[in-house]
Structures are given as C-alpha cells and as structure tokens.
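See below for the structure under consideration.
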Amino acid sequence: MKEPILVAVGKRVRELRTKKGFSQEELGEKAGFHFSYIGGLERAEKNITLLNLQKIADALDVQVLDLFLYTKYIKNEKNKKDQLLNQLHTKLFDMNSSELIKIQLLVSQIFDNK
Numbered sequence: 001m002k003e004p005i006l007v008a009v010g011k012r013v014r015e016l017r018t019k020k021g022f023s024q025e026e027l028g029e030k031a032g033f034h035f036s037y038i039g040g041l042e043r044a045e046k047n048i049t050l051l052n053l054q055k056i057a058d059a060l061d062v063q064v065l066d067l068f069l070y071t072k073y074i075k076n077e078k079n080k081k082d083q084l085l086n087q088l089h090t091k092l093f094d095m096n097s098s099e100l101i102k103i104q105l106l107v108s109q110i111f112d113n114k
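In structure tokens, the structure reads:
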C-alpha cells in the first residue's frame, strides 16, 4: 500500500504541473530530473527528498509549502481549519494579480474596521 502523504503530494505535483501546462518531460527538464522520476513521484512510487521538493517547487514557480496544500485529496479531513485554509489558498492561487489586490483590499477593510 502506498503511503498517503506520497499519494497526496504526488497528486498535488500533478495538479500544479498541469495548471502550468507542463508535461512530465517539461517539468523534469526544468527541475533537472528525468520525466520518469516525475511520473514516479506523481504515482507515489518515489519517496522524494526535501531538496528534490525544492527543485520541483522552483520549476513550478511555487513555494514548497504549496506542494503540501493537498487536503482535497485526503478523505475524512480531521481539522476543519486546515481544510478551509487549504480551500481558500487554492482559490487565491488561481487568481491573477489584479484579483488578488481586490481581495487584499477587501480583507483589509473587514479587519481594519474591527
């Protein structure tokens, strides 16, 4: 049986890779790996090191933390706060800069008026 964390990180890497429009070969080339390594990672066949996670994150132009925002892939989420934060982050991640500026202004108005 595959380790749940490897499955979740692999799915998250695949999700981010496809959002960027990269093939496994393109991501591998950008990160310095063979495409089969990327495939193995996405299928949870590889136990990736922190250094390799950093290389993948850099190639995807995301922070390493973004590779761990995968609660939508985990059943029976135990921590509602983490689930909500992850959902919010996912929505924000897909926004462009002008949309994020609007969200920032809205949030500032809400919390500055307390």
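Counting in UniProt numbering, the sequence shown runs from 1 upward without gaps.
Ideal Cβ placement from N, Cα and C applies to all residues, glycine included.
Residue environment analysis places Q87 among the exposed positions, since fewer than 16 neighbouring C-beta atoms fall within 10 angstroms of its C-beta.
Relative to the Cα of F35, the nearest Cα in the group I56, V62 and L51 belongs to I56. Under the three-state reduction of DSSP, Q104 is assigned to helix. Around the beta carbon of F33, 16 or more other beta carbons sit within 10 angstroms, so the residue counts as buried. DSSP, reduced to helix, strand and coil, places R12 within a helical segment of the structure shown.
Ranked by how close their Cα comes to the Cα of F93, the residues G21, E3 and V62 have V62 in first place.
Spatial neighbours of G40 in its own chain (CB-CB distance under 7 angstroms, excluding positions within 5 residues in sequence) are listed in chain order as K46. For D82, the enclosing alpha helix (DSSP H) stretches over residues K80 to F93. Under the DSSP assignment, N52 falls in the alpha helix (DSSP H) whose first and last residues are L50 to L60. Counting the other Cβ atoms within 10 Å of the Cβ of L16 gives 16 or more, which makes it buried.
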